[in-house]
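As you go down the protein sequences, you meet chains A and B in turn.
According to my numbering, the first sequence is numbered sequentially starting from 1.
According to my numbering, the second sequence is numbered sequentially starting from 1001.
Virtual Cβ for every residue (Gly too), placed ideally from N, Cα, C.
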Amino acid sequence: MVSIAAKNLLHDRTRLAVSASGVGLAIMLVLILAATFDGFDRQVGLQLENSGADLYVGQAGIVDSFHSFSILPLNLSVELATVPGVDRVCAIIQRTVEIHTANDEHPRVVVVGYNETHNTAAPWKVKEGARLPGEGEIVIDEVLARKNELSVGSEVAIGDRIFQVAGISEETNLFISQYAFVRFQDLQGLVLPPGTATYFLVEIAEGANLRTVQAEIENRYGGIDAYTVDEFVSNNREYIGQAFMPILFVLYVIGFVIGITVIGLTVYTATMERAREYGILKAIGAGNGRLVRIVLGQALLLALFGFLMGLAITAGVAYLIGFAVPEMPLYFQLGMLPRVLAAAVAMSAIATLLPMRRIARIDPAQIFRRG
Amino acid sequence: MTTQVLRAMGLTKTYSNGEAEVRAVDNVDVALERGEVTLIMGPSGSGKTTLLFLLGGLIRPTAGRIFVDGVDMTAVSGRALPATRLRNFGFVFQDFNLLANLTARENAQVPMELAGLATSKASHRATELLGGLGLQDRLEFLPEKLSGGEKQRVSIARALANEPRVLLADEPTANLDSKLGRDVADLFRNLARTTGTAVLMVSHDARIVDTADRLLLMEDGRVQAMA
């Protein structure tokens, strides 16, 4: 079929560009929101997933990393190691603290005291310098480094202790704060009372049953909870989801409504301008169904142009965000694209309802009436 | 074998105008023969355009029946009526009414594609039709680049695209100068002769009377005379 829809739409290219940009902005809003959420969702799990542990043992009532932190006696480590099925136990310290830079900045970081002996809870990916900090050294997140003009060799203070930056890590940005890593021994007595740790990372022996070991630890010792890494990550993600999802949902809806409005206005205007031509087609013998397909075709084409425009705008905005707000963890998943495209198609379908009603009412005889 | 392609009997169309009832077409009988040109003339408001609407299935009669090749059009459902128009009628308008964003060729191929013909075949036939009307050099021109006579020939090609049984033309010469108007009227006559299409023209143009085989004069919604 001669593409009347495409020709009508392409006839006024300026309007098409403006409309596609409008739809593109709505698409961009949805994609950036999704990438922000997915970025956050991904980041909150990475440290735990790369910790090397099977079970995460903390003070009873601590269900995630955000609400409060756990304090447990360090010698619990020895007792946990006696539980059948446990291969080894590593104590770690993890607290949100202020660090002090030479520029007199005081960024808040989640400092992790990693276990040097077993190499657990250490940074898993570095961009520059050493991955594992030595005595008196610290590995900091790349966003933290960039925002505070820190580099390998810079000095930062935690309390009254000076650490030299030995490495810059990647994937350790949590949006509101970033991770930093020092040796467990260097944090003892600095951010927690001496002889205490926040969590114990438990690795189970080969062939042991994870659930059995988890239950045995909880049964044997009061006042502690043992979570699998998946459970603890899931708790973190659930918290993030509960905190952000309602806001994101509202913004998603706003983006969707903007998209529908732009497509609807454009298609309705284009339909009204061509009402006489739709009358001609009706007189010739086109049924309402055929005309609706033309209008829907216009809307779908506009949605497609808008989607492509949205991808381009999103790429530009993501670059600017990375430059201006590096702590915003954008994570684009390819799987999101078909869903957004489907949303754009849905926007088109909804946006054509009004023009469809108008077309259905066009009287084919009206085109004989002159003047 | 009958040569009658359209027959209307007791055709009436009334409109209400406040409390008064206006009989735009009043109990008209019309028959269109294959290969004939019929011209309807009459003063403004005489009901000739309304009669054209009725015969072409663009509006429903208040009373009366219309048969096209033996099929009662007044019994066809509203949903099926567009397809009936597509199969049986070609329309030529005073204002040409071409689709502004389509080329001459695309305008001519639209009815064929609406009828289900493949785009390539429709394009080929549109090219042939336009070539036959002397527009082989204007195939890819948009309507805004065509002269009035060329536009009217494109609209005629579009009307003939599906080889209609009846070609209905509303003041087809009104926007053309006298020579072009005469050419178009002659074209209708030749088309009727060569294709067998029944042509019904509504016109005020007395200069084309001699191109018609039959002349109907209308006044006050009634056919007053036939010649």
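Beta-carbon proximity of residue i to residue j, cut-off 9 Å
i         : j         : result
B:Asp1069 : B:Asn1088 : yes
A:Asn119  : A:Gly52   : yes
A:Ser19   : A:Thr314  : no
A:His262  : A:Gly85   : It should be pointed out that residue 262 of chain A corresponds to Val in this sequence rather than to His. In this structure, A:Gly85 does not lie closer than 9 Å to A:Val262 by Cβ.
A:Thr228  : A:Asp54   : yes
A:Gly255  : A:Val30   : yes
A:Ser348  : A:Leu302  : yes
B:Leu1167 : B:Gly1045 : no
B:Lys1013 : B:Pro1061 : yes
A:Thr101  : A:Asn148  : yes
A:Gln43   : A:Ser65   : no
A:Ile71   : A:Pro193  : yes
B:Thr1197 : B:Arg1085 : no
A:Ile362  : A:Gly279  : yes
A:Arg108  : A:Glu203  : no
B:Thr1038 : B:Leu1200 : yes
A:Leu330  : A:Thr36   : yes
A:Tyr56   : A:Phe184  : no
A:Ala270  : A:Leu25   : no
B:Val1154 : B:Asn1107 : yes
B:Ala1247 : B:Arg1138 : Any property of residue 1247 of chain B remains undetermined from this structure, which presents chain B solely from 1001 to 1227.
Residue i Cβ short of 8 Å to the ligand GDP heavy atom set
i       : result
A:Gln59 : For the ligand GDP, the structure offers nothing, since it holds no ligand at all.
Opening and closing residue of the alpha helix (DSSP H) in which residue i lies
i         : result
A:Arg146  : Glu142 to Lys147
B:Ser1178 : Ser1178 to Thr1195
A:Ile359  : Leu353 to Ala360
B:Met1073 : Here B:Met1073 belongs to no alpha helix (DSSP H), and DSSP marks it neither H nor E.
B:Asp1095 : Note, B:Asp1095: premise wrong, no alpha helix (DSSP H); not H, not E.
A:Phe332  : From DSSP, A:Phe332 is part of no alpha helix (DSSP H); its letter is neither H nor E.
B:Thr1127 : Thr1119 to Gly1132
A:Ala372  : One cannot answer for residue 372 of chain A here, as it falls past the ends of chain A, which runs 1 to 371.
A:Met272  : Val229 to Glu273
A:Asn288  : Asn288 to Ala324
B:Arg1105 : Ala1104 to Leu1114
B:Gln1152 : Gly1148 to Leu1160
A:Val78   : Leu76 to Leu80
B:Phe1053 : Lys1048 to Leu1055
Beta-carbon separation (whole angstroms), residue i vs residue j, contact threshold 8 Å
i         : j         : result
B:Arg1007 : B:Phe1067 : 5 Å
A:Asp230  : A:Tyr179  : Contact doesn't hold; Cβ gap of about 20 Å is too wide.
B:Ala1174 : B:Gln1094 : 5 Å
A:Pro123  : A:Phe181  : 5 Å
B:Met1218 : B:Gly1056 : Not really, about 16 Å apart at Cβ, beyond 8 Å.
B:Gly1221 : B:Gly1047 : 4 Å
A:Met336  : A:Ala34   : 5 Å
A:Asp41   : A:Ile240  : 6 Å
B:Ala1161 : B:Leu1129 : 7 Å
A:Pro355  : A:Val295  : 5 Å
N-terminal and C-terminal residue of the beta strand (DSSP E) that residue i is part of
i         : result
A:Phe200  : Tyr199 to Ile204
B:Phe1091 : Phe1089 to Val1092
A:Ile99   : No beta strand (DSSP E) contains A:Ile99, which DSSP labels as neither H nor E.
A:Gln178  : Gln178 to Arg183
B:Met1009 : Gln1004 to Asn1017
A:Lys127  : Val126 to Gly129
A:Gly167  : Arg161 to Ser169
A:Thr212  : From DSSP, A:Thr212 is part of no beta strand (DSSP E) but of the alpha helix (DSSP H) over Leu210 to Arg220.
A:Ala157  : Glu155 to Ile158
B:Met1041 : Val1037 to Met1041
A:Asn115  : Here A:Asn115 belongs to no beta strand (DSSP E), and DSSP marks it neither H nor E.
A:Glu327  : Run containing A:Glu327: none; DSSP gives neither H nor E here.
B:Ala1063 : Ala1063 to Val1068
A:Glu135  : It is not in any beta strand (DSSP E) - A:Glu135 carries neither H nor E in the DSSP assignment.
A:Gln366  : Neither: A:Gln366 is in no beta strand (DSSP E) and is coded neither H nor E.
B:Leu1167 : Val1166 to Asp1170
A:Ala122  : Careful: A:Ala122 lies outside any beta strand (DSSP E) and carries neither H nor E.
Tell me which residues of the region 284-304 of chain A have at least one Cβ-Cβ distance to chain B shorter than 7 Å, keeping chain order. Ile284, Gly285, Ala286, Gly287 and Arg290
In the region 224-242 of chain A, which residues sit with their C-beta less than 7 Å from some C-beta in chain B, listed in chain order? none
Mind checking the region 141-161 of chain A against chain B and listing, in chain order, the residues whose C-beta falls within less than 7 Å of any C-beta there? none
Which residues, taken in chain order from the region 269-283 of chain A, show a beta carbon closer than 9 Å to some beta carbon of chain E? Of the protein chains in the structure, A and B, none is chain E.
Scan the region 1109-1122 of chain B for residues whose Cβ lies nearer than 7 Å to a Cβ of chain A and list them as they occur along the chain. Gln1109, Val1110, Pro1111, Glu1113, Leu1114 and Thr1119
Listed in chain order, which residues of the region 1081-1099 of chain B have Cβ atoms closer than 7 Å to some Cβ of chain A? Pro1082, Ala1083, Arg1085, Leu1086, Phe1091, Phe1093, Gln1094, Asp1095, Asn1097 and Leu1099
Of the residues that make up the region 1050-1066 of chain B, which ones have a beta carbon closer than 7 Å to any beta carbon in chain A? Phe1053, Leu1058 and Ile1059
Residues in the region 7-40 of chain A having any Cβ partner in chain B nearer than 7 Å: Lys7, Asn8 and His11
Please list the residues of the region 1019-1044 of chain B that have a C-beta atom closer than 7 Å to any C-beta atom in chain A, keeping them in chain order. none
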